[in-house]
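To keep things clear, I will list the structure first and then write my remarks on it.
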DNA sequence: CCTCGTTGGTTGATACTGTCAATCATCAGC
DNA sequence: GCTGATGATTGACAGTATCAACCAACGAGG
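Residue numbers (full-length UniProt numbering), protein chains in the order written: chain A, 1 to 156; chain B, 1 to 156.
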């Protein structure tokens, strides 16, 4: 069954990617763990955002986001401000230091991505992303994952 | 830059896959962690193998393999026997219990893979695997990763 | 036959990742 | 005013991954 080794392929691909990324990050002199990096990227790519939005955007647990935010704030990479319109929420913003770190991160990621995608055309990479997006959506369709806030079809 | 979001795609794809796999595993009543499962599969798919071969096959650290083997042996899912031809080595074999667990694992994985690949044709999945393999090879080409025993070009 | 470098495997230590649950303050709807 | 839901936090814990040091065993070379 052709689908049988999708899992093996995905595991090894992820291993390869993570190793490559860590290598590039180290080369750039960045010491942040990968999850911190993803969260900083998400904050940096939005004008103003919240922890809930970041968790939803990168598909991870809000508890984990909170912990990373605590450390990023302690390192002065981000700032938090209470949302006056909804005091449960906090508005997250990237700092100047954070912006600088982000520049290095983007360089490292471009380097890692460049290695990964060597000899693959843009069209092939687009196709790959398309299929990956389909696979991700397929897993959400099958369940009500509250973390990703996927509406539950035929269910209330 | 098109390559810029390969990383984001890969992270979310892996999240989605691991969640789906854990769901299927739980549905099958299996309590083994994913790494144990991958190792059991590797042992089950070979007539006789070694820890070193398993580590190489699934692309993980030999220390981690040893720990998982300790637990799988304690659960009577595998057996270890000293290789008479090279007493540094141990021959790994799956037990009857392990074979039974493996059947459940394969069912769970087929289920997870089925969800992931819904609405994707076999040709598309093959293309996906092809590109993934290219990406994996690209990362090995760039470094001497001793764990995967990639020969180091221009280096001795 | 001896030496030495390499290999297979093990264990220690540690950081990172991820999940589940409980909790609190806040909000909106009734 | 009450109640259920939400945003965020913290505790607890398991799983994943890596690096380093170590030991027994092997094979090549002198």
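Just so you know, even glycine gets a beta-carbon here, dropped at the ideal spot from N, CA and C.
Chain B contacts made by the region 1 to 20 of chain A, where a contact means CB separation under 8 Å: 1, 2, 3, 4, 5, 6, 7, 8, 9, 10, 11, 12, 13, 14, 15, 16, 17, 19, 20
Neighbouring residues, chain A, relative to residue 139 of chain B (Cβ below 8 Å): 16, 17, 19, 20, 115, 116
Any C-beta of chain B under 7 Å from that of residue 87 of chain A: no
Contact with chain B by residue 82 of chain A, beta-carbon distance below 7 Å: no
Under 7 Å between C-beta atoms of residue 55 of chain B and residue 62 of chain B: yes
Buried versus exposed call for residue 31 of chain B [16 or more other C-beta atoms within 10 Å across all chains shown]: exposed
Integer-rounded CB distance, given that residue 120 of chain A should sit under 8 Å from residue 49 of chain B: The pair is not a contact, with the Cβ atoms about 32 Å apart (cut-off 8 Å).
Option nearest residue 39 of chain B by Cα separation, candidates B:52, B:29, B:27, B:28: B:52
Three-way DSSP call (helix, strand, coil) for residue 30 of chain A in this model: coil
Close Cβ partners of residue 76 of chain A (< 7 Å) along its chain, the five nearest in sequence each way excluded: 95, 97
Whether residue 12 of chain B touches residue 136 of chain A by CB criterion (7 Å): yes
Distance CB(residue 92 of chain B)-CB(residue 43 of chain B) smaller than 7 Å: yes
Neighbour flag for residue 136 of chain A against chain B, beta carbons, 7 Å: yes
Listed by chain order, chain B residues near residue 119 of chain A by CB distance under 8 Å: 134, 138
Interface residues of chain A facing residue 40 of chain B [CB-CB closer than 8 Å]: In chain order: nothing, as chain A lies at least about 13 Å away.
Test item: CB-CB of residue 113 of chain B and residue 6 of chain A under 7 Å: yes
Cα-Cα separation between residue 140 of chain A and residue 110 of chain A, rounded to whole angstroms: 29 Å
7 Å Cβ cut-off: residues of chain B touching residue 59 of chain A: 12, 15
Cutoff 8 Å; reference residue 20 of chain B; Cβ partners in own chain excluding five residues on either side: 112, 115, 116
Residues in the region 87 to 114 of chain A having any Cβ partner in chain B nearer than 9 Å: 106, 109, 110, 112, 113, 114
Spatial distance of residue 150 of chain B from residue 15 of chain A (CA atoms): Confidence at residue 150 of chain B is low in this model, with a pLDDT of 40, below 50, so the placement of that residue is unreliable and no value is reported for it.
Secondary structure of residue 158 of chain B, DSSP reduced to three states: In this structure chain B extends from 1 to 156, so residue 158 of chain B is not present and cannot be described.
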